[in-house]
Amino acid sequence: MISSLTTVSPAPFKFEKISCRSMSVIGIITLLPQLFFLGFYGDYAALYNIFAGISASFIAELFENLLRKRKSLGDLSFCLSGIISGMFMPMTFSPYFVFFCVLTAVGITRVFFGGKGSCWFNSSMVAVAVAYLCADYLFPATIVNPATISQTGSAFSAFQLLDISWLASDKGITSFINSSFLGNLGIKLPEGYITLFWNMPSLIPAFKFNLLTLAGSVVLLALNIIDWIVPACFIVVYSALVWFFSNFIIFGFLGEGDILFSLLTGGTLFTAFYVLTDYSSLPLRFVTKMVYGALAGVLAFLMNGAGGSSVGSVFTVLIMNMFSPLLHRLEDKICEVRMVKRVKTA
Numbered sequence: 010m011i012s013s014l015t016t017v018s019p020a021p022f023k024f025e026k027i028s029c030r031s032m033s034v035i036g037i038i039t040l041l042p043q044l045f046f047l048g049f050y051g052d053y054a055a056l057y058n059i060f061a062g063i064s065a066s067f068i069a070e071l072f073e074n075l076l077r078k079r080k081s082l083g084d085l086s087f088c089l090s091g092i093i094s095g096m097f098m099p100m101t102f103s104p105y106f107v108f109f110c111v112l113t114a115v116g117i118t119r120v121f122f123g124g125k126g127s128c129w130f131n132s133s134m135v136a137v138a139v140a141y142l143c144a145d146y147l148f149p150a151t152i153v154n155p156a157t158i159s160q161t162g163s164a165f166s167a168f169q170l171l172d173i174s175w176l177a178s179d180k181g182i183t184s185f186i187n188s189s190f191l192g193n194l195g196i197k198l199p200e201g202y203i204t205l206f207w208n209m210p211s212l213i214p215a216f217k218f219n220l221l222t223l224a225g226s227v228v229l230l231a232l233n234i235i236d237w238i239v240p241a242c243f244i245v246v247y248s249a250l251v252w253f254f255s256n257f258i259i260f261g262f263l264g265e266g267d268i269l270f271s272l273l274t275g276g277t278l279f280t281a282f283y284v285l286t287d288y289s290s291l292p293l294r295f296v297t298k299m300v301y302g303a304l305a306g307v308l309a310f311l312m313n314g315a316g317g318s319s320v321g322s323v324f325t326v327l328i329m330n331m332f333s334p335l336l337h338r339l340e341d342k343i344c345e346v347r348m349v350k351r352v353k354t355a
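Numbering (our numbering), first residue to last: 10 to 355.
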């Protein structure tokens with residue numbers, strides 16, 4: 010009989026994948042610059058909501074640990090989930106309301122859709138969906154619509170007409186990029202895209218700092234924290250659909266859709282690298298991951314159109330989560346068929 014004081018070690022085996030705790034810590038670290046600049050630009054309401062999200066996730070995790078008599082707080086996944094939940098909440102929300110939504114969402118996903126490690130619904134996106142169902146009027150409206158696009162000729166031109174605060178250095182940086190790099194290629198970057206890259210004027214924090222999101226994604230991919238297949242397929246398919254069909258719907262011709270605008274608005278990049286890559290809902294095989302990412306890209310186009318939706322990405326993720334069990338079942342069937350073939354040929 011093994012003594013209760015005996016310590017079981019995985020040695021001499023070696024882990025090929027980084028631990029869950031390390032994955033969560035690195036994910037949190039990549040988001041810290043965004044939290045810093047939220048404070049730097051005075052968006053304290055966003056920080057309060059993020060803290061409320063972390064607190065609700067911690068309490069829900071603590072309650073589940075006590076209920077099921079286990080210890081899982083150490084992996085800090087609750088903290089990362091709470092940050093992401095808070096970053097998708099509009100700054101017009103009260104922290105108490107955010108706390109309620111996140112606590113409710115974690116309870117729903119853990120009780121009805123599997124416990125930790127097997128939950129195939131993203132609790133952060135469920136929290137935002139709960140908030141939207143309770144107070145959809147507090148979410149920002151879609152920043153461009155077919156009417157304004159048809160009047161101005163493009164989604165970005167319609168966006169430029171909005172009464173928003175542009176980055177002070179936008180004009181100078183744009184001029185430098187055009188004269189130093191793009192001018193030689195016969196390309197001209199319009200003023201305003203630098204603002205979209207650095208401090209997108211949005212009430213939803215996850216939409217604001219696209220440049221920091223890209224920088225964080227490089228770290229996550231380089232350290233093998235996230236899988237590259239799903240975000241790559243998602244971005245490629247969504248961009249292709251925007252390029253070919255966004256103008257066709259309004260003007261009746263194919264091509265010339267604004268890919269950059271669609272990726273830099275609506276939290277598209279943040280969703281691609283921080284939400285769709287959640288391992289609890291991802292398929293396991295290369296082909297099914299490609300299918301998952303491609304389907305997400307199609308759904309994103311149906312939800313977001315040319316870009317700028319405040320909740321399109323959220324419901325894209327939730328709908329894709331519904332496909333996760335089907336794809337997992339398909340993978341199991343493929344494994345069964347291959348095993349049968351191997352047995353027959355053996």
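Beta carbons: idealized from backbone N, C-alpha and C, even for Gly.
I'd like to know whether the C-beta atoms of residue i and residue j end up nearer to each other than 8 angstroms.
i: Met115; j: Ser64; result: Checking the displayed sequence, the identity of residue 115 turns out to be Val instead of Met. No, the pair does not count as a contact, with Cβ atoms beyond the cut-off.
i: Asn58; j: Val107; result: yes
i: Ser314; j: Thr39; result: Strictly speaking, residue 314 in this sequence is Gly, with Ser absent from that position. No, these two residues do not count as a Cβ contact at 8 angstroms.
i: Phe97; j: Ser133; result: yes
i: Gly317; j: Thr157; result: no
i: Ile182; j: Ile196; result: no
i: Gly321; j: Phe243; result: no
i: Leu327; j: Phe109; result: no
i: Ser319; j: Phe45; result: no
i: Thr118; j: Val139; result: no
i: Ile234; j: Ile93; result: no
i: Thr286; j: Val239; result: yes
i: Gly51; j: Gly91; result: no
i: Leu291; j: Asp236; result: yes
i: Glu200; j: Asp179; result: yes
i: Trp252; j: Gly266; result: yes
Within a Cβ cutoff of 6 angstroms, which residues of the same chain sit near residue i, ignoring the five residues on either side of it in sequence?
i: Gln43; result: Phe218 and Leu221
i: Ala55; result: Leu47, Met100 and Pro214
i: Thr113; result: Val139
i: Ser211; result: Lys217
i: Pro155; result: Ile259
i: Leu308; result: Thr325 and Ile328
Could you tell me if residue i is buried or exposed, where buried requires 16 or more neighbouring beta carbons within 10 angstroms of its beta carbon?
i: Leu335; result: exposed
i: Met331; result: exposed
i: Asn208; result: buried
i: Gly275; result: buried
i: Leu229; result: buried
i: Ala69; result: buried
i: Ser174; result: exposed
i: Ser13; result: Legend: pLDDT at Ser13 = 45, less than 50; position of this residue unreliable, no value from coordinates given.
i: Leu142; result: exposed
i: Phe49; result: exposed
i: Ala231; result: exposed
Please state whether DSSP places residue i in a helix, a strand or coil.
i: Leu221; result: helix
i: Val135; result: helix
i: Ser271; result: helix
i: Ala150; result: coil
i: Lys197; result: coil
i: Val320; result: coil
i: Lys342; result: helix
i: Ser163; result: coil
i: Phe130; result: coil
i: Phe45; result: helix
i: Ile27; result: coil
i: Ala177; result: coil
i: Gly302; result: helix
i: Tyr141; result: helix
i: Arg77; result: helix
i: Gly62; result: helix
i: Asn256; result: helix
i: Trp207; result: helix
i: Thr113; result: helix
i: Met100; result: coil
i: Arg294; result: coil
i: Ser248; result: helix
Using a Cβ-Cβ cutoff of less than 8 angstroms, which residues in the same chain neighbour residue i once the five nearest sequence positions on both sides are dropped?
i: Leu85; result: Arg30, Ser33, Val34 and Ile37
i: Leu293; result: His337 and Glu340
i: Ala144; result: Phe102 and Phe106
i: Ser159; result: Ile259 and Phe260
Looking only at its own chain, which residues have a Cβ that is under 7 angstroms from the Cβ of residue i, when we skip the five neighbours before and after it?
i: Leu89; result: Ser33, Gly36 and Ile37
i: Leu304; result: Met329 and Phe332
*Three or more beta-carbon pairs under 8 angstroms between the stretch 332 to 348 and the stretch 277 to 285, yes or no?*
Output reads no: the stretch 277 to 285 does not touch the stretch 332 to 348.
*asked:* Tell me whether the stretch 205 to 216 and the stretch 285 to 299 touch, counting them as touching only if at least three CB pairs, one residue from each stretch, are closer than 8 angstroms.
replied: Taking 8 angstroms as the limit for Cβ pairs, the verdict is that the stretch 285 to 299 does not touch the stretch 205 to 216.
_Assess contact between the stretch 250 to 262 and the stretch 175 to 194, defined as three or more Cβ pairs (one per stretch) separated by less than 8 angstroms. Is contact present?_
With a cut-off of 8 angstroms, the stretch 175 to 194 and the stretch 250 to 262 do not count as touching, because too few Cβ pairs lie within range.
*Do the stretch 237 to 255 and the stretch 91 to 109 meet, that is, are 3 or more Cβ pairs less than 8 angstroms apart?*
No, the stretch 237 to 255 does not touch the stretch 91 to 109.
_Pairs of beta-carbons, one from the stretch 154 to 169 and one from the stretch 268 to 276, closer than 8 angstroms: are there three or more?_
Yes, since at least three Cβ pairs between the stretch 154 to 169 and the stretch 268 to 276 fall closer than 8 angstroms, the two stretches touch.
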